[in-house]
Structure formats: structure tokens, C-alpha cells
Amino acid sequence: MDVMWLVFFALLGACVGSFLNVVIWRLPRGESIVFPSSHCPACGRPIRWFDNVPLVSWLVLRGRCRACHAPISPRYLLIEAATAAMVVGLYVAYYMLDLRDGLGAFNESWPTFLAHAALWCGLLACAAVDVEHWIVPLEVCWFVSLVGLVVGAVAPPDAAILPRVSPVVGAMGVAAAVGLGAAMLLTRWGLLRPSFIDADDKASTVTEESNSPGKKGRRIVAVAATKKDGINPRVEILHEVLFLAPAGALAAAVALLAAHVPAAGQWLNRLGDAGRTGPFAAHLGGFQAALVGYLVGGLWIWGMRIGGTLAFGKEAMGLGDVHLLAAVGAVTGWIVPSLTFFAAPVLGLLWGLRLMLSRRQRELPYGPWLAVAAGAVMIFHDPLLAAMQAAFHISPAP
């Protein structure tokens, strides 16, 4: 049975990788991923179905367009192969090597597996776009986050590996989400102003000719806003603090209400009691766990962005990284993005050390390090957590 699933997921992964190539090419250029159909970037001629078979077509055509013979980047082949390998590798890690405790058999936990596979595919797409353009495609993050929230709510509770949260913490997460929604409406109505609004043309992106050998066209390079751009980053970042204020206020209000009004705390506990509310409690708990993971993941990076900007007077991090780690949390819960937050800088420092030793100047944005760290933490979650519990003398959760 495992062999059959491995073959199936290899084929499925290659097909998904073919679609990811469309996403990676079109989203940063503002193009639709639906229309027009796949076509040669050089001559614009539509690619026929037999020339669009994942992996096979690129090899048969030797990396060239059938019509104009223009070279087609090997990145297309690499993305398709990498996606197939990642999905197969995830299945092997979860169900053949049993690296994640609590999943059970595949027929019991397939929604969770598919959500994790979707996250890995999304991380690959975001990392590829970030490396080339220094931006994170938010649409990918939003889609993965939605998948995580839906699967968290509908996945069988016994096969879910989301770290559960208490009814009070879950209610705080819902309140914070309501606060974020209110802040988005206030921004849309013009009552709240987005930060760095005057720096969009000056500092958020710079478009310049690429001087790299073999490259034509233009590339987008992210540049952090500073006072030299005619704005004060410390003042601008306060608009983001104001944006987050409704979420923080509502979450704090729920916590205070549960702590100081016994009836409110008892009602929340009854709502999450499976013995009283049956399956509703389990599905509500799964949704709240995914929602809290989304909020915690985003807050780690957003907190660093705000703190770094206030401390150094220069725009720190990017909001794309906020959405990226939030998507990780929506699928995996609050623990994985928390560990990822501390693991990603280590990978970045190792890469920086390698650049220093080789005297190369190729820098990478932070998104790929978040993606790689998140994937590693997902695989080695259980031994990492056990090591931390032993190091800090923390009792395992029941």
C-alpha cells in the first residue's frame, strides 16, 4: 500500500510543481494564474498538452520551446522534481518512519497530511519568489492559511497533531481575529492609515536593470525605508501598533473577563467540554488551535518588526514574512512557528558565515530561511520538543 501511495504522491507532486511554476512566474508580475493558458515566455505560443507533461516534457524537448527553440529555464524542471520529492518525503517521514506521534494511519489523518503538504508547496513557492524578487506572494500565504483553518476545524480530532489550546486561549484568539477584522475595516474606510504609505515609490521596492550574466529584463530589489527616504520609520511603525491595538484590546478583555467573572470562565469551559457539546467541541477546538497558531506565527515576526524598527530607526523585516509564518501556524499550530522563529536566524547566520569564508556577496532574503526552518521543525518536531522539555525541565502535555 505504501508503494502505491508513494507513486501517487510523486505524480501528484510533479503536477502541483507544474502549477507552482505558473504561480512563481506570474504572481510577482501581476499576471493571472488562470488566463491565458501556459505559453512560451519568448514567442508567446500556447504550450500544447503533450508539451506540458511535468518532468517528461522538459527532458524530451531538452529544455527548449518546440515552436521557437528558445531555452526554457531548468528551474521549471527543478521545481517540479522538488515538489514531487517533498510530498513523497513528507509521506515517508510521517507514515513510514513515524517521525510525528499522534497521526495514526493515513486513512485516519489524510486531511492533516494534505494540509502539511500544501504548506510545504506554499513555502517552496514563496521561497522561490522571494529569492528572485525579494517579495513574498501574499496570495499563497492566504491560501495556505485558509487550508489550515478549514482542516483544523474538520480533521478527525484523534488524528490531528495540532497543539490544542485551552478554551480561554481559544476565545482570546477569536477575539483577536475579530479585532484584526475591525482594524482592516477601519483601514479600508480611511480611519486608520497604513504605515510607510509615503515610502511606497521611494523605498519599498526599487526596480533596476539586472547586471547578472545571462539575465535580461528587470528585477525587483527590496529596500528598507529609512529617514533618508523622507519618512521617520519610528513614527510610521506606530501606525502598525495602532492597527494591532483592537486585536490586543479584545484578547485582553476576554482574558480579564474569564479571570474575574467566574460565570464567563465556566461558560467557556463548558463550550469546550466534549462531554457536554459532543463533536462540536472537538471541531471548535481544532479551529481555535489553528487560529491561535496563525496569530502566534504572525505575531513573532510582527513583534520583531515593530521592536527592530523602534530600536534601530530603520524598517525591520517585512510584512510578507509576517504572513508567511502566520500561514505556518495556521497549518501546524503555535509550536512550530515558535520554534521556526528561533531556528531561522541560525540558518541565516550559517549562510552568512559561508559567504564570508567564500568571499561571495550573494545575499538572500529572510523568507527562504523561514521556509527551510519551518520544514525542518515540522519533520523533527517531536525530538526537538522532547529535547527542549528535558533541557528546561518541562513536563510533557497530557
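If you count the sequence shown from 1, position 220 lands on 220 in the UniProt record's numbering, and the numbers rise without skipping.
Beta carbons are placed, not taken as given, at the ideal position from N, Cα and C, and that holds for glycine.
Measuring CB to CB, does residue 469 end up less than 7 Å from L119? Summary: the structure shown does not reach residue 469, with the chain confined to residues 1 through 398, and so no result is reported for it.
DSSP bridge partner residues for R75 (one or two, in chain order): Walking along the sequence shown from the start, residue 75 turns up at place 75. According to DSSP, R75 bridges with nothing at all.
Which whole-angstrom value is the C-beta distance of P233 and G313, which I expect to be below 8 Å? On the sequence shown, position 233 is the one that residue 233 refers to. On the sequence shown, position 313 is the one that residue 313 refers to. About 6 Å; that satisfies the 8 Å criterion.
Would you report the Cα separation of Q257 and G265, rounded to the nearest angstrom? As a first step, residue 257 must be located in the sequence shown, where it is residue number 257. As a first step, residue 265 must be located in the sequence shown, where it is residue number 265. The identity of residue 257 in the sequence shown is Leu, whereas the question assumes Gln. Cα-Cα distance, rounded: 7 Å.
Would you be able to state if there are at least three C-beta pairs under 8 Å between the stretch 164-171 and the stretch 289-298? yes
Give a yes or no on whether the C-beta atoms belonging to V23 and P368 are separated by under 7 Å. As a first step, residue 23 must be located in the sequence shown, where it is residue number 23. As a first step, residue 368 must be located in the sequence shown, where it is residue number 368. Contact flag unset, no.
Starting from the Cα of T309, find the closest Cα among V322, L238, Q389, N269 and give me that residue. By one-based count along the sequence shown, residue 309 stands at place 309. Measuring from the Cα of T309, the nearest candidate turns out to be L238.
So, at 6 Å on beta carbons, what are the nonlocal neighbours of V174 in its own chain, with the 5 sequence-adjacent residues on each side left out? Against the sequence shown, residue 174 aligns to sequence position 174. If we look at V174 and ignore the five residues flanking it on each side, it has no Cβ neighbours.
Assess, as a yes-or-no matter, whether the stretch 137-148 is touched by the stretch 322-336 under the definition of 3 or more beta carbon pairs within less than 8 Å. yes
Secondary structure at L393, three-state DSSP: helix, strand or coil? Against the sequence shown, residue 393 aligns to sequence position 393. Note on identity: in this sequence residue 393 is His, with Leu being the wrong assignment. In the structure shown, H393 sits in coil (DSSP, three-state: anything other than H, G, I, E or B).
Helix, strand or coil at R234 according to DSSP, with G and I counted as helix: Within the sequence shown, residue 234 is the residue found at index 234, counting from 1. Residue state, collapsed to three classes: helix.
At a threshold of 6 Å, does I33 count as lining the ligand NAD (C-beta to nearest heavy atom)? The ligand content of the structure shown is nil, which means the ligand NAD is not present either.
Suppose the cutoff is 8 Å on Cβ atoms and the five residues either side in sequence are ignored; what does the same chain contact list for L347 look like? Along the sequence shown, one-based indexing puts residue 347 at 347. W369, V372, A373, listed in sequence order.
Just to confirm my understanding: we take V88, look at its own chain, exclude 5 residues before and 5 after, and list those with CB closer than 8 Å. What are they? The residue labelled residue 88 in the question sits at position 88 within the sequence shown. Here the set comprises L6, F9, A10, G13.
Close beta carbons around V60, own chain, < 6 Å, minus the five adjacent residues each side: To locate residue 60, count along the sequence shown from 1; it is residue 60. If we look at V60 and ignore the five residues flanking it on each side, it has no Cβ neighbours.
In three-state terms, what does DSSP make of R64? The sequence position of residue 64 within the sequence shown is 64, counting from 1. Of the three classes helix, strand and coil, the one that applies to R64 here is strand, per DSSP.
Can you list, in chain order, the residues of its chain whose CB lies under 7 Å from that of S178, leaving out five sequence neighbours each side? One-based indexing of the sequence shown puts residue 178 at position 178. Residue identity differs from the one stated: residue 178 is Val in this sequence, not Ser. Excluding positions up to five away in sequence, the list reads L250.
Cβ-based burial, N21 [other Cβ within 10 Å; buried from 16]: Here residue 21 corresponds to residue number 21 of the sequence shown, with the count starting at 1. Per the 10 Å Cβ criterion, buried.
Spatial neighbours of G333 in its chain, beta-carbon cut-off 6 Å, leaving aside the 5 residues before and after: In the sequence shown, counting from the first residue as 1, residue 333 sits at position 333. Apart from the 5 residues on each side of it in sequence, G333 sits with its Cβ closer than 6 Å to the Cβ of L162, P163, A289, G293 in its chain, given in chain order.
Is it buried or exposed for P246, if we count other Cβ within 10 angstroms and need 16 for buried? Taking the first residue of the sequence shown as position 1, residue 246 is located at position 246. The residue in question, P246, is buried, as its Cβ has 16 or more Cβ neighbours within 10 Å.
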